[in-house]
Amino acid sequence: MPVAVRINLTAPLCLALAVFLLFSGCTPRKAKVPLTPKGTETPPAAGTELARQLDALFDAPEFQNAFWGVMVQSMDTGEVLYRRNAEKLFMPASNMKLLTGAAALLRLGKDYRVKTRVLAQGAVRQGVLEGSLIVEGGGDPTLSLRFAPDDLYAVFVNWAARLKEAGIREIKGDIIGDDDLLEEPSLGYGWAWDQAGYSYSAEAGALQFNENVVEIRVAAGGRQGQLAGFEMFPAPGLIQVENNVRTVEAGAETDISIQRDVEGNRVRMQGQIALGEAPARVKVAVHNPTLFFADQLRHILAREGIHVSGKAVDADDLNPKPDRGAAVLLWMHESPPLEKILAVLLKESQNLYAETLLRILGKECSGDGSFRAGRQAVQEILQGMAIPPGDYVMMDGSGLSRYNFLKPEMLLRLFRFLVQVPEFSTYYQSLPVGGVDGTLASRLKGGPAENNVHAKTGTLANVRSLSGFVRARDGELLGFSMIANHFTVPHRQAEKVQDAAAELLAGLARGKKAEAQD
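In terms of the working numbering, the sequence shown opens at residue 115 and continues consecutively.
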């Protein structure tokens, strides 16, 4: 970790920050040293060889209609090595997760665990629970194959065993999913309605199972022209499929698309699969993840020998809702620690995790598990870093919304704060590593950036971003942000420019680290 340096602040700014940190209810750990007042960073030296090389990359003719925002800054000294439109607002795509992840880590801590409560409504007589089983969710996103690769249902199987240990062999009532702790919108602000069924648009909520996604496995028919067959995993429940996928001649391209109703679970599947091809896998986001959770739990309880007379129910559909105060807590399930959740969020760019953590932040900071409360929590945390709300527009936690905007220089200000606090190590290790893992596994291979760059990617139509950290050849830690908007060339060309720039930074040697600023 870089050594902290001394940077003078004006007295009014020091006072303002001190007052804010004292009275704000949702502030991060204080950095070892104050941050440089906005606009007073050491400007980059004009005409340096690095600037000429970077200019040549970003001025390439194919990007003449594009808009690049770039900033490179020493994390050791605060010196700015390069900037281009760094003070302008850009659509960041998944670079928005850098804000959400940092705020969650600073406010909740790496050891934070999300809690799910299992309660019994009614008495237990002769092995029969005479009421319903209630599951009160807190937003745990980890009940999935990602955390239980050998058995998706491992947690539910354990719950069935615990019910048997408590002497419960039958449930007379329903399996009720209670999701009231967190807001559950169908789509985020600015999300595309025609992409509601895709896995990256999965709805956040207090109860989540298999990342709120069902996989449809499509198999070619026995002859050309025949309808394809399909099966669903996990077990069929809420999703109803209208199958229009046809088997076509061997060697043809397999092309399958899906469309799901925005407020429902009817899926229209169309396209083609080649004769003799291995089954294709299509992932579909589920509408009403709470009901999906309750339905899957009921299925496993039955499989494990616990008879459920009632049905799977979303508590929102009951009138009146069950009285949690009158129910008996059977046990509390805890998620893996936040540092493991954060690694999935950043390395794999998992949208659902970001949206969930934003709402958990709201709940922990103000008692309101909504998007707006989560955004307010992030805003307060960023203000503690002298990042004003005008430096960004946050309309979701994941970056899927095209209403999001931020400035490259504000990301560098975030990075300059993080490198000075103990949480930096967890944050740094949670980022994709060039040529090694996550969304950078196939990029930055074979050069000085491989196993060196730790950075978050961002991907939307006509948007590519890459922001994070790289060690220069002389050991200096550099922070950078590179965001391209409005380009019309294939997206891989924008990524190649970003990769080339990252390689330049990784190979940089300035003779010795610059002296710390006084």
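Don't be surprised by glycine CBs; every beta carbon is placed ideally from N, CA and C.
Item to complete: Could you name the residues of the same chain whose beta carbon sits closer than 6 Å to that of residue 304, not counting the 5 residues immediately before and after it, in chain order?
Response: Looking up residue 304 in the sequence shown gives position 190. The residues are 509, 515, 516, 517.
Worksheet item: With distances taken between CB atoms, is the gap from residue 259 to residue 324 smaller than 8 Å?
Response: Reading the sequence shown from its first residue, position 145 is the one you call residue 259. Reading the sequence shown from its first residue, position 210 is the one you call residue 324. Their beta carbons are under 8 Å apart, which means residue 259 touches residue 324 by this criterion.
Item to complete: State the start and end residues of the unbroken beta strand (DSSP E) segment that holds residue 368.
Response: Against the sequence shown, residue 368 aligns to sequence position 254. First-last for residue 368: undefined, no H or E at that position.
Fill in: Per-residue burial, residue 326 [other beta carbons within 10 Å of its own, 16 or more giving buried]
Translated into the one-based positions of the sequence shown, residue 326 becomes position 212. Classification of residue 326: buried, given that the 10 Å Cβ count is 16 or more.
Discussion item. Could you check whether the segment 230-249 touches the segment 452-466, counting it as contact only if at least three pairs of C-beta atoms, one from each stretch, sit closer than 8 Å?
Written reply: no
Discussion item. If you measure between the beta carbons of residue 594 and residue 185, is that distance less than 8 Å?
Written reply: Working through the sequence shown from its first residue, we reach residue 594 at position 480. Working through the sequence shown from its first residue, we reach residue 185 at position 71. Taking 8 Å as the Cβ cut-off, residue 594 and residue 185 qualify as a contacting pair.
Discussion item. Closer than 8 Å is the cut-off here; do at least three beta carbon pairs connect the segment 537-555 with the segment 216-231?
Written reply: yes
Practice prompt. State yes or no: is the C-beta of residue 584 within less than 8 Å of the C-beta of residue 616?
Written response: Translated into positions along the sequence shown, residue 584 becomes position 470. Translated into positions along the sequence shown, residue 616 becomes position 502. Yes, the pair counts as a contact, with Cβ atoms nearer than the cut-off.
Discussion item. Within a Cβ cutoff of 8 Å, which residues of the same chain sit near residue 354, ignoring the five residues on either side of it in sequence?
Written reply: Here residue 354 refers to the residue found at position 240 when the sequence shown is read from its first residue. Answer for residue 354: 379, 380, 381, listed in chain order.
Discussion item. Can you check which of these residues, 475, 462, 275, is closest to residue 445 by C-alpha distance?
Written reply: Stepping through the sequence shown from its first residue, residue 445 is reached at position 331. Residue 445 has its Cα closest to that of 275, out of 475, 462, 275.
Discussion item. I believe residue 358 touches residue 383 by the beta-carbon criterion, under 8 Å. Please report the beta-carbon distance rounded to the nearest angstrom.
Written reply: Here residue 358 refers to the residue found at position 244 when the sequence shown is read from its first residue. Here residue 383 refers to the residue found at position 269 when the sequence shown is read from its first residue. The pair is a contact, with the Cβ atoms about 6 Å apart (cut-off 8 Å).
Worksheet entry | Residues sharing a beta bridge with residue 292, DSSP | Here residue 292 is taken as the residue at index 178 of the sequence shown, counted from 1. 250.
Item to complete: Just mark residue 634 as buried or exposed, buried being the case when its beta carbon has 16 or more other beta carbons within 10 Å.
Response: Limits of the chain in this structure are 115 at one end and 632 at the other, which puts residue 634 out of reach.
Worksheet item: Secondary structure at residue 317, three-state DSSP: helix, strand or coil?
Response: Position 203 of the sequence shown, counted from the first residue, corresponds to residue 317. Correct three-state label for residue 317: coil.
Worksheet item: Bridge partners of residue 183, per DSSP?
Response: Sequence index remark: in the sequence shown, residue 183 carries index 69 (1-based). Paired residue(s): 597.
Fill in: Short Cβ contact (8 Å threshold) for residue 448 with residue 227
Numbered from 1 along the sequence shown, position 334 holds the residue referred to as residue 448. Numbered from 1 along the sequence shown, position 113 holds the residue referred to as residue 227. Against a cut-off of 8 Å, the Cβ pair of residue 227 and residue 448 comes out as a contact.
Discussion item. Measuring alpha carbon to alpha carbon, tell me which residue in 256, 528, 587 is nearest residue 192.
Written reply: As a working note, residue 192 is residue 78 in the sequence shown. Nearest option by C-alpha distance: 528.
Worksheet item: In the structure shown, what three-state DSSP assignment does residue 465 receive?
Response: Taking the sequence shown and counting its residues from 1, the one referred to as residue 465 is at position 351. Residue state, collapsed to three classes: helix.
Worksheet item: residue 345 by DSSP, collapsed to three states: which one?
Response: Within the sequence shown, residue 345 is the residue found at index 231, counting from 1. Strand.
Worksheet entry | Under the three-state DSSP convention, the category residue 138 falls into | To locate residue 138, count along the sequence shown from 1; it is residue 24. With a pLDDT of 47 at residue 138, under the threshold of 50, the modelled position of this residue cannot be trusted, and the question is left open.
Discussion item. Alpha carbons only, please: which of 570, 611, 286 is nearest the one belonging to residue 551?
Written reply: Start at 1 with the first residue of the sequence shown, and residue 551 comes out as number 437. Taking only the C-alpha atoms, the option nearest residue 551 is 570.
Practice prompt. Answer yes or no: do residue 164 and residue 618 have a C-beta to C-beta separation smaller than 8 Å?
Written response: Taking the sequence shown and counting its residues from 1, the one referred to as residue 164 is at position 50. Taking the sequence shown and counting its residues from 1, the one referred to as residue 618 is at position 504. Contact: yes.
Discussion item. As a quick exercise: from 248, 315, 343, pick the residue whose alpha carbon is nearest that of residue 273.
Written reply: Along the sequence shown, one-based indexing puts residue 273 at 159. Checking every option, the nearest Cα to that of residue 273 belongs to 248.
Worksheet item: First and last residue of the alpha helix (DSSP H) that includes residue 581?
Response: Looking up residue 581 in the sequence shown gives position 467. Counting along the chain, residue 581 falls outside any alpha helix (DSSP H), though it belongs to the beta strand (DSSP E) covering 577-585.
Item to complete: For the alpha helix (DSSP H) holding residue 215, just list the boundary residues, first then last.
Response: Walking along the sequence shown from the start, residue 215 turns up at place 101. Note, residue 215: alpha helix (DSSP H), 211-222.
Discussion item. Here's the rule: buried if 16 or more other CB atoms are within 10 angstroms of the residue's CB, otherwise exposed. What is residue 512?
Written reply: The count along the sequence shown starts at 1 and reaches residue 512 at position 398. Burial call: buried.
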